[in-house]
Structure formats: C-alpha cells, structure tokens
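Peer 1: The working numbering applies: residue 205 is where the sequence shown begins, and numbers increase by one. Glycine included, each C-beta is placed from N, C-alpha and C at the ideal position. Note that the structure is a prediction, hence the values are computed from the model and not measured. Pasting in a structure now, in structure tokens, and then I'll have a few things to ask.
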Amino acid sequence: MSQLKSKDLLGIKELPSEEIKLILNTAFGFKDVLKRDIKKVPTLRGKTVVNLFFEPSTRTRTSFELAGKRLSTDVINFSVPTSAVVKGESLIDTALTVQALGADYIVIRHPSSGVPHLLSKHLTASVINAGDGMNEHPTQALLDAFTIMEKKGRVEGLTVAIVGDIMHSRVAKSNIYSFKNLGAHVRLIGPPTLIPPDMEKLGVKVFYDMEEGLRDVDVVMMLRIQIERQGKGFFPSLKEYFKKWGLTSERLTLTKDDAIVMHPGPMNRGVEIASDVADGTRSVILEQVTNGIAVRMAVLYLLPSGVTSIKSI
C-alpha cells in the first residue's frame, strides 16, 4: 500500500490498522527530513493547502502550515472574521469557493461535530479533520502514537492512561480508537462526571481513583479541562480538581520508572499537571509538538491529492 484509500482523513474510528501503520511509518521518514539543515523537500510542489479554522488554534494550525511548507505546497490560512462567512455565506458555499480557488487539501477545524464529514461529500479536494466539536482529532492521535513508538519502540502491549476530561475531549476519543487498534491496554482516569457511561464497551478500563489508575502504566496522557465546552460545574473548583486529579511528581512515582508523560496542549499548569512534571525529564510534551509536523507531512503525502513516489524525499 502506497496511499490511503480514502481521499479524506475524517477520523481514526474507521481507519484500518494498516493505514494507521502506513502513516506512522511514513512519518519516521519525514522526521529525518526535519533534522536536516534544509527542512524542505519538493514532494508536493504545485499543490495548495487551505487551513479553514473556525476555532482558535496554535499548535494544530501552525503544524499543518509548516507541514505543507516543508513539502513545498502553497499554504493559505483562511481568516474567518474577515471572510464572507460573517455576511451569511453557508459553510458549504465557502468551502466550494475555496476549492474553486485551487485548493487540493482543505484542513478544517469546526466547533460542530461532523462538519468535515459533511464537506467531504461536497468536495473533490481532500478534507482533513483538524478537530470537530467533541468528535475526533485524528492527526493528534496519530502524532501521539508516533511519539510513543519513537520513545518506546512500540505501542502494542503497553498500558496507556488517559486522564481528565474524557467527556469533552475529541483527542481522547481518537486516541482510544488508535491505541486499541495498535494493541495497547487503555485506562481512563477521572471524575465520574467527566467520563461518559459505557466507555468499557470500547475495550478500556475506567478508574475513578487517580492513584489506582496510574499504578504501573507505561504512558500517562493528561487532558486539558475544557471549561469552554462545559455547560455546568463538573467538579467543585479547579483547586479541588488539581488536588484529586492533577499529575504531581509524587503521583508519577506510581507509574513504571520509565513511563513518559504526554499532554496534547494547551496545558493548564497547576490544574491538570504540575509545572515540575510538565517540564521534567519524563515529559515528551514538546516532542509531541515537533512530531506533529512529521505526521501531518505524512498525511498530506499519503492522501490521494499527494504524489505516489517517495523517491524525491
């Protein structure tokens, strides 16, 4: 297999394991490109990537922009506040206009779940989901799996704890699908109010006790408390949350000695993670950010809008 079968990347849930592995293996090649003095290849010269972000983003939008530029595409960042969207133009008409202007890829982030799936039915350009509501964030899950493979040599057989606001996290959902697909044992840790019911049906174990859930895990992934998506109080206070669910250096001793600490960002220091842990030797948080470029390069390259020969890398 040299390409992804679908023209779009909409989620991890429906992505076959061989395609997940293809993206990850290809990303290792692009990671080598990022280590060169000249971090650019002509692989997708002549192609155009449009970043269509309807929500704030630092890491994901910049990462896609850099990934496109490293592959020599033209990259346009669509500015929603200055677009015809504010004049009442529909989302589909906006996307069709962007496609008519020459976009080969449309990278979309939207607060409503399912928007990338809707656009994919109307566009011939490749649609890449950069986060839709509380549904999925597939490239974040792929870069997380890539980072674990880079640090641990594998994902299969490892025990991964995902801690915090599972209910509102599209990152958590994509990562559950990805880690289970790759053979990891997944634990979800958090308050009962922030873990949806019936999660065990996905093949994960649920822990409401932080200390019990962290014991002997290989990977700890902390999640941001998404205050903006919460319509009511799910815990007494941020101070109380950190006291019960925050990752501290003391709690980190419960994990395996070589366990790594991850966070998709942006971090709320002192809420879900202590600063000394976030900046500690076991943290790979900034490496996740760097790896995001390599993984997104692989996605752009492997979608049918890209080229099929890797010889030019």
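Can you tell me which of the three DSSP states S330 falls into?
Peer 2: One-based indexing of the sequence shown puts residue 330 at position 126. Correct three-state label for S330: strand.
Peer 1: I514 to T247, Cα distance in whole Å?
Peer 2: On the sequence shown, residue 514 is found 310 positions in, with the first residue counted as 1. On the sequence shown, residue 247 is found 43 positions in, with the first residue counted as 1. In this prediction, I514 has a pLDDT of 49, which is less than 50 and means its spatial position is unreliable; nothing more can be read from the coordinates.
Peer 1: Quick check: R374 and M426, are their CB atoms within less than 7 angstroms of each other?
Peer 2: Here residue 374 corresponds to residue number 170 of the sequence shown, with the count starting at 1. Here residue 426 corresponds to residue number 222 of the sequence shown, with the count starting at 1. Not closer than 7 angstroms, so no.
Peer 1: To the nearest angstrom, how far is the alpha carbon of T480 from that of K209?
Peer 2: For this step, residue 480 is matched to residue 276 along the sequence shown. For this step, residue 209 is matched to residue 5 along the sequence shown. The identity of residue 480 in the sequence shown is Asp, whereas the question assumes Thr. If you take the alpha carbons of D480 and K209, they lie about 43 angstroms apart.
Peer 1: Where does A365 land, buried or exposed, given buried means 16+ other C-beta within 10 angstroms?
Peer 2: Position 161 of the sequence shown, counted from the first residue, corresponds to residue 365. Buried is the call here.
Peer 1: Starting from S301 and walking both ways along the alpha helix (DSSP H), at which residues does that stretch end?
Peer 2: Translated into positions along the sequence shown, residue 301 becomes position 97. A small correction: the amino acid at residue 301 is Thr; Ser does not occupy that position in the sequence shown. It spans 295-304 - the alpha helix (DSSP H) in which T301 sits, taken as one unbroken run.
Peer 1: Does the Cβ of E269 have 16 or more other Cβ atoms within 10 Å, making it buried, or fewer, making it exposed?
Peer 2: Residue numbering aside, residue 269 sits at position 65 when the sequence shown is read from its first letter. Looking at its Cβ environment, which holds 16 or more other Cβ atoms inside 10 Å, E269 is buried.
Peer 1: How many Å lie between R313 and P320 at the Cα?
Peer 2: Start at 1 with the first residue of the sequence shown, and residue 313 comes out as number 109. Start at 1 with the first residue of the sequence shown, and residue 320 comes out as number 116. Answer to the nearest angstrom: the Cα atoms are 8 angstroms apart.
Peer 1: Could you tell me the distance, in whole angstroms, from the CA atom of V423 to the CA atom of I224?
Peer 2: The count along the sequence shown starts at 1 and reaches residue 423 at position 219. The count along the sequence shown starts at 1 and reaches residue 224 at position 20. Computed Cα separation, rounded: 20 angstroms.
Peer 1: Roughly how far, in whole angstroms, is the beta-carbon of V237 from the beta-carbon of R274, given that I think they are within contact range, below 8 angstroms?
Peer 2: For the purposes of this step, residue 237 is identified with residue 33 of the sequence shown, where counting begins at 1. For the purposes of this step, residue 274 is identified with residue 70 of the sequence shown, where counting begins at 1. Their Cβ separation, rounded to whole angstroms, is 7 angstroms, which keeps V237 and R274 in contact under 8 angstroms.
Peer 1: How many Å lie between I393 and R249 at the Cα?
Peer 2: The sequence position of residue 393 within the sequence shown is 189, counting from 1. The sequence position of residue 249 within the sequence shown is 45, counting from 1. When rounded, the distance between both Cα atoms is 44 angstroms.
Peer 1: Assess contact between the segment 343-358 and the segment 377-392, defined as three or more Cβ pairs (one per stretch) separated by less than 8 angstroms. Is contact present?
Peer 2: With a cut-off of 8 angstroms, the segment 377-392 and the segment 343-358 count as touching, because enough Cβ pairs lie within range.
Peer 1: Taking 7 angstroms as the threshold (C-beta atoms), are D420 and K460 in contact?
Peer 2: Reading the sequence shown from its first residue, position 256 is the one you call residue 460. Reading the sequence shown from its first residue, position 216 is the one you call residue 420. Their beta carbons are under 7 angstroms apart, which means K460 touches D420 by this criterion.
Peer 1: Would you mind reading off the limits of the beta strand (DSSP E) that contains Y309?
Peer 2: The sequence position of residue 309 within the sequence shown is 105, counting from 1. Where Y309 is concerned, the enclosing beta strand (DSSP E) stretches over 309-314.
Peer 1: Return the chain-ordered list of same chain residues with a C-beta closer than 6 angstroms to the C-beta of T397, the five sequence neighbours on each side being excluded.
Peer 2: On the sequence shown, position 193 is the one that residue 397 refers to. These residues qualify, in order along the chain: F438.
Peer 1: How would you label V331, buried or exposed, when you count the other beta carbons within 10 angstroms and need 16 or more for buried?
Peer 2: As a first step, residue 331 is located in the sequence shown; it is residue number 127 there, counting from the start. Answer is buried; the Cβ neighbour count reaches 16.
Peer 1: Look at I296 and V254 and say whether their C-beta atoms are less than 7 angstroms apart.
Peer 2: Here residue 296 refers to the residue found at position 92 of the sequence shown. Here residue 254 refers to the residue found at position 50 of the sequence shown. Not closer than 7 angstroms, so no.
Peer 1: Would you decide whether D212 is buried or exposed? Buried here means 16 or more other CB atoms lie within 10 Å of its CB.
Peer 2: Walking along the sequence shown from the start, residue 212 turns up at place 8. With 16 or more other Cβ atoms within 10 Å, it is buried.
Peer 1: To which residues of the same chain is I227 closer than 8 angstroms at the C-beta, ignoring the five residues directly before and after it?
Peer 2: To locate residue 227, count along the sequence shown from 1; it is residue 23. Taken in chain order, the residues that qualify are L208, L346, V499, A502, V503, L506.
Peer 1: So S415 packs on R455, CB below 8 angstroms; how close in whole Å?
Peer 2: Counted from its first residue, the sequence shown places residue 415 at position 211. Counted from its first residue, the sequence shown places residue 455 at position 251. The sequence shown places Glu at residue 415, rather than the Ser named in the question. Their Cβ separation, rounded to whole angstroms, is 7 angstroms, which keeps E415 and R455 in contact under 8 angstroms.
Peer 1: Taking the beta carbon of R240 as the centre, do at least 16 other beta carbons fall within 10 Å, making it buried, or is it exposed?
Peer 2: The count along the sequence shown starts at 1 and reaches residue 240 at position 36. By the 10 Å Cβ count, R240 comes out exposed.
Peer 1: Name the one or two DSSP bridge partners that F282 has.
Peer 2: Working through the sequence shown from its first residue, we reach residue 282 at position 78. Its beta-bridge partners are L256.
Peer 1: Closer than 7 angstroms by C-beta to E491: which residues in its own chain qualify, once you throw out the five before and the five after it? Chain order, please.
Peer 2: Against the sequence shown, residue 491 aligns to sequence position 287. T351.
Peer 1: Quick one: grab the DSSP three-state call for I380.
Peer 2: Here residue 380 corresponds to residue number 176 of the sequence shown, with the count starting at 1. Looking at I380 - three-state DSSP - the assignment turns out to be helix.
Peer 1: Around the Cβ of R428, are there at least 16 other Cβ atoms within 10 angstroms (buried) or fewer (exposed)?
Peer 2: Here residue 428 corresponds to residue number 224 of the sequence shown, with the count starting at 1. Buried is the call here.
Peer 1: In its own chain, which residues sit with a C-beta less than 6 angstroms from the C-beta of D336, not counting the 5 before and 5 after it?
Peer 2: In the sequence shown, counting from the first residue as 1, residue 336 sits at position 132. Cβ within range, chain order: H314, S317, V319, P320.
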